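Undergrad: The numbering of the sequence shown is this note's numbering, which starts it at 535 and goes up by one. Every residue, glycine too, gets a C-beta built ideally from N, C-alpha and C. These numbers were taken from a predicted model, which means no experiment stands behind them. Could you have a look at this structure, given as structure tokens, before my questions?
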Amino acid sequence: MVELVPNLLRQELEALAAKDERIDGRGRWESREITLETNCLYNAEGSAKVTWGETVIYAGVKFEIRTPWPDRPTQGSLMCGAELRPVAGRKYEPGPPSPESIELGRVVDRGIRESDV
Numbered sequence: 535m536v537e538l539v540p541n542l543l544r545q546e547l548e549a550l551a552a553k554d555e556r557i558d559g560r561g562r563w564e565s566r567e568i569t570l571e572t573n574c575l576y577n578a579e580g581s582a583k584v585t586w587g588e589t590v591i592y593a594g595v596k597f598e599i600r601t602p603w604p605d606r607p608t609q610g611s612l613m614c615g616a617e618l619r620p621v622a623g624r625k626y627e628p629g630p631p632s633p634e635s636i637e638l639g640r641v642v643d644r645g646i647r648e649s650d651v
């Protein structure tokens, strides 16, 4: 079995945990700074940028008016998708959607649909 944390780092982390501290200096229950910026993507009808420490997350919403489906003439439709861009990590590549991005779109779609909003 591969050891995930080298022994010296493990000892340092255990000492910090005993003092309720983290390796980056934050307290045990102290979160990284979170900022929110809205309307930051010019090609979306609505968008947000969330910065959580050094992690940056973008979300965009696009919409269009269309004719309802024949079996649901009084209801709209919703399609969810996700793009995991190469800047998010080495395992993400440009091109067709990855299995992870397809699954993320499905999970978001199902969560919205089953909320009966």
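(1) Helix, strand or coil, according to DSSP, for S581 in the structure here?
(2) Is the beta carbon of C614 sitting closer than 8 Å to the one on G639?
(3) Can you look up V621 in the DSSP assignment and give me helix, strand or coil?
(4) One question on the structure: do I557 and L542 come within less than 8 Å of each other, judged by their Cβ atoms?
(5) Below 8 Å between beta carbons: does that hold for E617 and F597?
(6) Roughly how many whole angstroms lie between the Cα atoms of D643 and G610?
(7) Please classify G561: does DSSP put it in a helix, a strand, or coil?
TA: Taking the structure as given:
(1) Per DSSP, reduced to three states, the secondary structure at S581 is strand.
(2) The criterion of a C-beta distance shorter than 8 Å is satisfied by C614 and G639.
(3) Correct three-state label for V621: helix.
(4) The answer is no: Cβ separation not under 8 Å.
(5) Using a Cβ distance threshold of 8 Å, E617 and F597 do not count as a contacting pair.
(6) If you take the alpha carbons of D643 and G610, they lie about 14 Å apart.
(7) Of the three classes helix, strand and coil, the one that applies to G561 here is strand, per DSSP.
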